[in-house]
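Residue 73 is where the sequence shown ends in the UniProt record's numbering, and the numbering goes up by one at each step. From the three backbone atoms N, C-alpha and C, an ideal C-beta is built for every residue, glycine too. Source: prediction; values computed, not measured.
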Amino acid sequence: MVKKNAVDHMTAKALYEAILVFEDGSKQKACVLTGAGGSFCAGADLQSVAQANDDTPRDNLQPINGRVPPDSF
1 MVKKNAVDHM TAKALYEAIL VFEDGSKQKA CVLTGAGGSF CAGADLQSVA
51 QANDDTPRDN LQPINGRVPP DSF
């Protein structure tokens, strides 16, 4: 089975850190996040979530949720 850009723990952490760097004094007004293949992102990597301890998935993904206000487009 091919995973369609599912977000695992390492990806969530790297994405959050990249967002923080971008927001910290960045003069850019926008950034573009792309995915490979036929889909942008399938959501969380459920295998990774199942193998995690306690709140790890929520802790890693929560800071990313809601970073872009829906009325910003």
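Separation of residue j from residue i, as counted between CA atoms
i: Cys31; j: Asp45; result: 23 Å
i: Ser72; j: Lys4; result: With a pLDDT of 45 at Ser72, under the threshold of 50, the modelled position of this residue cannot be trusted, and the question is left open.
i: Gln47; j: Cys41; result: 15 Å
i: Gly43; j: Ala6; result: 5 Å
Neighbour-count burial assignment, residue i, 16 or more Cβ in a 10 Å radius
i: Ser39; result: exposed
i: residue 74; result: The requested residue 74 is not part of the displayed model; the chain covers only 1 to 73.
i: Ala12; result: buried
i: Ala8; result: Going by the sequence as given, residue 8 is Asp instead of Ala. With 16 or more other Cβ atoms within 10 Å, it is buried.
Closest residue to residue i among the options (Cα-Cα distance)
i: Leu33; options: Lys27, Met10, Ala50, Leu15; result: Leu15
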